[in-house]
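Structure first, then comments.
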Amino acid sequence: MAKCLRDFRAKRVETLAKTLAKTLAETLADWTGWYLGFYDLTSHRNDKILDWHRKYGPVVCIGPNEVSVATLDGTRKIYGTTFRWAKSNYFDHFKGYGMRSVFATKEYEEHRQKRRFISSFYQPSTIYKLPEIEHYVKDRAEAVVRQIQHDQPVDVYGLTDWYAIDIITFLTLGPDFASQSIESPCVERQIFARLKQQQFVGPFRIRHPRAYAAFSRAYQWLSSKRSYLVADDDLASWCKDRISAAMDGKRLLDSHSLLRHLLHHDHTGTENAPLNRDYVAAEILDNINAAEATVAVTATYLLWRLTAAPLWQDNIRKELALLPVQEDGSLSFTDIDSRVPALEACLREVYRLHPASSGRAERVVPQGGSVISDFHLPEDTIVTTSVPALHRDEVLFPDPDRFMPERWLNADPDTLKAREAQLIPFGHGGRICLGKALATLEIKVLIASLYQQHKSVMEASTTAESMRQCSTHDAVPSALKCEIRFQRVAEKC
Ligand code: HEM
367 MAKCLRDFRA KRVETLAKTL AKTLAETLAD WTGWYLGFYD LTSHRNDKIL
417 DWHRKYGPVV CIGPNEVSVA TLDGTRKIYG TTFRWAKSNY FDHFKGYGMR
467 SVFATKEYEE HRQKRRFISS FYQPSTIYKL PEIEHYVKDR AEAVVRQIQH
517 DQPVDVYGLT DWYAIDIITF LTLGPDFASQ SIESPCVERQ IFARLKQQQF
567 VGPFRIRHPR AYAAFSRAYQ WLSSKRSYLV ADDDLASWCK DRISAAMDGK
617 RLLDSHSLLR HLLHHDHTGT ENAPLNRDYV AAEILDNINA AEATVAVTAT
667 YLLWRLTAAP LWQDNIRKEL ALLPVQEDGS LSFTDIDSRV PALEACLREV
717 YRLHPASSGR AERVVPQGGS VISDFHLPED TIVTTSVPAL HRDEVLFPDP
767 DRFMPERWLN ADPDTLKARE AQLIPFGHGG RICLGKALAT LEIKVLIASL
817 YQQHKSVMEA STTAESMRQC STHDAVPSAL KCEIRFQRVA EKC
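Residue 734 in our numbering sits at position 368 of the sequence shown, with consecutive numbering throughout.
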């Protein structure tokens, strides 16, 4: 029978009193958002919510009107296409040039229409089949390999970031306007580095946008070291300039770019109905942001985990060595993707332990309320699935905090199916990530290029604490760097 949220709170208070595990602050969490706000500010939000799920169960009240859920059934209800729950006001903060991109659109129907504009561009059959995309990704991966000096420390968070920027600017703006940030210092490097710092003040900004705007302008005027406070504005200006230049570019019509796709496709079925230019710019800005941050974080955690697990580096290298080499000397992505199970298992394990998103995929319970895992949630309640709680479920993933790629290789078919269903780093349902194919291509090609002839070893500056994954928008490592060293492996004679 459905219980209402009030009963649920009362039951929780009772249970907590019995176990004496309750602190005054935790009880207050039900009535005030400030308690969780504190963990927001210290970028521990996701860890705290995971703790609460481990203590109190699969449905937890995390604020006056906010609930976190840790069941697959609940997730299907919240995000599935059947119920069409809208996104929360949190997504108002992701508008660009005053417009809502696909990601920032809240209502179901408006979102469905916009998603049609870009989904064909990113679908696997486009990303994996166009030779120029694979070619460019390999070119950038080789550029990364060229930056590596034998046995010298290298910050792979920086390198993977530049790799991701170069590729997404190529795809969104076309070849003439792609950045070349791997090879040399450039404005893009600076803007994205400052954006990473800016995330740590994100929660304050989201709670108090006007105060933040005034404060950040004043503060950066006083000290240029604080220019990161307006990094998002700098990115928006940079992006708008690049889009204007690309629109005047001679080869725009020949390029397979998102810009051309949005400007020159007849999306409405009626002639002379081009998309609003500011909307097009907002979509491109959002895609650049989404693709740069997530790919860099995932690739960095994969490199870090592999560096700590040399056996898995060897496994990947051995499997790569069995693949046929193409005429141009490279391995085909199809082979890397389908015939290197050790790489696939390591990547899945990184998606499980280090999902590269904020954890705030908030949705709003529609009119009439809804029942999730036996709890009745009133309409307008903000609900989110805790991805860490699903990914670290100790029944499905024994020893859940350990990096164990073998769990994806040795499981019986039913267990494997259950694990796959509960692995949702790209979200779930009608708003699942559009960039999964591109992310997979980028990450696998990069890892194959790096480990074919190198092994990596840990640098002393890289520790569990420096790699603590923060609950910022892009789930970044706390030190904003990951230093490791690469050494060439001996060639077989
Ligand atoms: C490892 C890499 C990535 C991860 C883990 C990831 C994760 C996610 C997640 C969790 C969502 C859903 C957010 C929600 O439901 O509120 C999302 C949405 C989205 N992602 Fe990604 N993403 C990745 C790479 C990319 C790339 C490379 C792009 C390329 C442009 C991209 C573009 C998008 C877009 C456009 C959406 C909005 C989809 C919609 O609302 O319909 N992502 N991503």
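For every residue, glycine included, the Cβ atom is placed at its ideal position computed from N, Cα and C.
Of the residues Glu772, Tyr529 and Glu473, the one whose Cα lies closest to the Cα of valine 661 is Tyr529.
In the structure shown, the three-state DSSP call for alanine 841 is coil.
Comparing C-alpha distances from tyrosine 645 to each of Glu432, Lys461, Arg512 and Cys848 shows the shortest one belongs to Lys461.
The DSSP-derived three-state label of glutamate 760 is coil. Proximity of the region 656–673 to the region 829–844 meets the contact definition, three or more beta-carbon pairs being nearer than 8 angstroms.
Per DSSP, the unbroken beta strand (DSSP E) holding glycine 429 starts and ends at 425–429.
If the five residues before and after histidine 839 are omitted, its C-beta is found closer than 7 angstroms to the C-beta atoms of Gln565, Gly568 and Ser724, all from its own chain and listed in chain order. Annotated as distal: aspartate 542 and glycine 440, with beta-carbon spacing of 8 angstroms or more.
Contact annotation, asparagine 653 with leucine 624: C-beta distance approximately 6 angstroms; criterion of less than 8 angstroms satisfied. The Cβ atoms of arginine 729 and tyrosine 456 lie no closer than 8 angstroms to each other. Collapsing the DSSP output to three states places alanine 452 in a strand. Remark: the C-beta of proline 791 is in contact range of ligand 1, defined as less than 7 angstroms to any heavy atom. A distance of 8 angstroms or more separates the beta carbons of leucine 407 and glycine 429. A distance criterion of 7 angstroms places the beta-carbon of proline 497 beyond contact range of ligand 1, judged by its closest non-hydrogen atom. Contact check for tyrosine 488 against alanine 647 fails: the beta carbons are separated by 8 angstroms or more. When Trp774, Arg466, Asn412 and Thr828 are compared, the shortest CA-CA separation from asparagine 642 is found for Arg466. Around the beta-carbon of arginine 576, fewer than 16 other beta-carbon atoms lie within 10 Å, marking it exposed. The beta carbon of phenylalanine 536 sits closer than 6 angstroms to the beta carbons of Tyr502 and Ala544 from its chain, once the five residues preceding and following it are set aside; these are given in chain order. CA-to-CA, the gap between glutamate 500 and aspartate 527 works out to about 18 angstroms.
Exposure of glycine 695 is indicated by the presence of fewer than 16 other C-beta atoms within 10 angstroms of its C-beta. Taking each of Leu628, Asp598 and Glu508 in turn and checking the Cα distance to serine 485, the smallest one comes out for Leu628. Placement of the Cβ of valine 661 at a distance of less than 7 angstroms from at least one heavy atom of ligand 1 is found. The beta carbon of asparagine 412 sits closer than 6 angstroms to the beta carbons of Gly725, Pro754 and Ser837 from its chain, once the five residues preceding and following it are set aside; these are given in chain order.
For tyrosine 488, the shortest C-beta to heavy atom distance toward ligand 1 is below 7 angstroms. Ranked by Cα distance from proline 843, the options Gln563, His516, Thr492 and Ser454 are led by Gln563.
Taking 4 residues as the minimum length, the alpha helix (DSSP H) runs contained wholly in the region 772–849 are 779–787 and 802–817, in order along the chain.
Note: threonine 750 is bridge-paired with Ser434 in the DSSP secondary-structure output.
In the DSSP annotation of this structure, proline 707 is not part of any beta strand (DSSP E); the continuous alpha helix (DSSP H) holding it starts and ends at 707–719. Secondary-structure assignment with DSSP links leucine 743 through a beta bridge to Ser736. Pairing lysine 414 with arginine 450, the inter-Cα distance amounts to about 28 angstroms. With a cutoff of 8 angstroms on beta-carbon distance, isoleucine 533 and arginine 555 are scored as not near each other. Look at aspartate 517 here: in three-state DSSP terms it is coil, with no helix or strand label. Note on glycine 734: under 16 other CB atoms within 10 angstroms of its CB, so exposed under the neighbour-count rule. Judged by DSSP in its simplified three-state form, methionine 613 adopts helix. Inclusion of glutamine 518 and arginine 851 in the CB contact set at 8 angstroms is warranted, their separation being smaller than that value. Annotation for glutamate 476: the continuous alpha helix (DSSP H) segment containing it runs 474–488.
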